[in-house]
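Let me begin by presenting the structure, written as structure tokens, before commenting on it.
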Amino acid sequence: MKRAQGSTLIKNGSLFDGTGKGPVPHAAVVIRDGSIAYAGPAAQAPAVPPDAAVLDARRGTILPGLVEAHFHATYFNVAELADLDIKYPVEYVTLLAAANAKLALECGYTSARSCGSLHNVDVWLKKAIENGLHPGPRLAAAGREICGSGGLMDWNPDYLKLGMEGLILLVNGPVESRAAVRKLAKDGVEWVKTYPSGDAASPHADHHSTCMTREELDAAVAEAHNFKLKVTGHCRSTAGIKNALLAGFDAIEHATFIDDETLGLLLERDVPVVPALYFEKASVERGKDFGMPQRVIDGHKETLEGGAESARRILKAGGRLGMGGDYGFAWTPHGDYAKELTFFVREVGFSAADTLRCATKTGAEILGRGNELGTLEAGKLADVLVVDGDPLQDISILEDRRRFIAVMQGGIVKAGQLG
Ligand SMILES: [Zn+2]
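Under the working numbering, the first residue of the sequence shown is numbered 662, with each subsequent residue one higher.
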């Protein structure tokens, strides 16, 4: 991705650098050729050349660009399962994905990890973003997801002879699991997304069911690691989380019903988790409006309570959590990403500082780019968010993109009032 040339001084704001240090009042950030040269107290900032651009933070907050750690570019106002795969042709899906990527950047998300996409759209979207053809977050792509036949993602009835081709590679046994990963490696993905467990939303594979065997997961991980790809998966059930960890997963999505033994395994290998909880709350509150059966709503309620408890336990035990939320459903549309952060502060009980660190530093680590992104420190890329206000006092200001003074990638203002 193109970087700014020359110097920029961001002044007149307080700094939240994402490293875990406390906020710095009266701070300055100096950017040189798209990278951070200095972030700290303004009084100690190095002199900038006379032709440096100056950005006034208006006594707001300077923080790292946010990372959406569970992003589906191709989901668009999904109201029922069929909307996930056969609603639109791939041509229109691609345009919708491009619009979603632009919106995510405007919402302050300078990076995102895809957790699955229809066809191979995210791989090509990433290319377009990197080449400056289209605005969007720096992406890590996942392409199509892998699920066992008859599992959560295999919902089209067989008599319709539709298959699940655009969305999911359905596998039976370790040989097919390996073959699916090989296909994805060729497609150019960085993350392999699997389905160790089911979900409350499924008519036949609920949140306590298993959708892939340990052998299938082992084969997927072995083949993915062979190609230097990372593996994650949708893990609700205790058995699903445990199988994924024992197989050597690089991340866990949701980790809803984690028990002591499984938490021990998670911490031992320091595997990050992306809970994605606001979706559950919205499903409980608005499911009725969208014709969700009571059984499914009850399942989401159980998932919400289990997931919130697991997230609290993981944070308390020193584990790593990313903030990402599966946005793109009719009741959690794209653009609402920061509602996840508000939910964690107001209802899960995280501090705003912990939540923001999860949404920046840990998000960048999950992306595999923790050495380049996620904190405001000398040497890192200048992906910076300048906000009118203090999200440590009121996290919900991040939901309102009109309050963004600037959203920067590589030192270039891409969105916000100055964008
Ligand atoms: Zn997802």
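Glycine included, every Cβ here is placed at the ideal spot set by N, Cα and C.
- In this structure, DSSP gives L800 an extended state, which the three-state scheme calls strand.
- Counting along the chain, F732 sits inside no alpha helix (DSSP H); it lies in the beta strand (DSSP E) bounded by residues L727 to F732.
- Note: M825 is not bridge-paired with any residue in the DSSP secondary-structure output.
- The chain-ordered list of residues whose CB is nearer than 5 Å to some heavy atom of ligand 1 reads C776 and D987.
- Counting only the Cα atoms, G925 lies some 13 Å from T899.
- Restricted to the stretch 802-890, the alpha helix (DSSP H) segments that are unbroken, complete and at least 4 residues in length are 835-848 and 875-887, listed in chain order.
- Judged by DSSP in its simplified three-state form, I1058 adopts helix.
- Taking all protein chains in view, the Cβ of D987 is crowded by 16 or more other Cβ atoms within 10 Å, so the residue is classified as buried.
- Measuring C-alpha to C-alpha distances from E941 to each of T893, N904, A991 and F910 identifies A991 as the nearest.
- The alpha-carbon of V728 is positioned some 27 Å away from that of E752.
- Sequence-distant Cβ neighbours of D867 in its own chain, meaning closer than 8 Å and more than five residues away, are G859, D860, A861 and G960.
- The Cβ neighbour count for G1071, taken over all protein chains shown within 10 Å, is at least 16; the residue is labelled buried.
- With a cutoff of 9 Å on beta-carbon distance, V691 and T669 are scored as near each other.
- In this structure, L845 places its C-beta atom within 9 Å of the C-beta atom of L890.
- Here the alpha carbon of I919 sits roughly 14 Å from the alpha carbon of G894.
- DSSP, reduced to helix, strand and coil, places E1033 outside both helices and strands of the structure shown, so it counts as coil.
- Contact annotation: the stretch 663-682 touches the stretch 711-725, with at least three C-beta pairs closer than 8 Å.
- Separation of F737 and L794 (C-alpha to C-alpha, rounded to the nearest whole angstrom) is 22 Å.
- Residue environment analysis places S775 among the buried positions, since at least 16 neighbouring C-beta atoms fall within 10 angstroms of its C-beta.
- DSSP places S778 outside any beta strand (DSSP E), giving it a letter other than H or E.
- Its Cα nearest to that of M1069, the residue L1079 stands out among R1063, D1061, E1060 and L1079.
- Comparing C-alpha distances from D911 to each of D819, K977 and L928 shows the shortest one belongs to L928.
- Under the three-state reduction of DSSP, H687 is assigned to strand.
- Take the alpha-carbon of E826 and the one of G701: they are about 51 Å apart.
- The stretch 907-994 is shown to contain whole alpha helix (DSSP H) runs of 4 or more residues at 921-930, 939-947 and 955-977, in chain order.
- Inter-residue distance for P707 and Y699 is about 8 Å (C-alpha atoms, whole angstroms).
- In the three-state scheme derived from DSSP, where H, G and I count as helix and E and B as strand, K1075 is classed as strand.
- Straight through space, the alpha carbons of D1015 and F677 are spaced by roughly 11 Å.
- By the 16-neighbour rule on beta-carbons within 10 angstroms, D997 is buried.
- Note on geometry: alpha-carbon atoms of E806 and E1060 lie some 29 Å from one another.
- According to DSSP, P702 shares a beta bridge with A688.
- Between the alpha carbons of S870 and A916 lies a gap of roughly 14 Å.
- With contacts defined as CB atoms closer than 9 Å, G968 and A937 qualify as a contacting pair.
- Of the residues V957, S944 and E876, the one whose Cα lies closest to the Cα of T855 is E876.
- V932 and I913 have their C-alpha atoms roughly 7 Å apart.
- Where F1005 is concerned, there is no enclosing alpha helix (DSSP H), because DSSP gives it neither an H nor an E.
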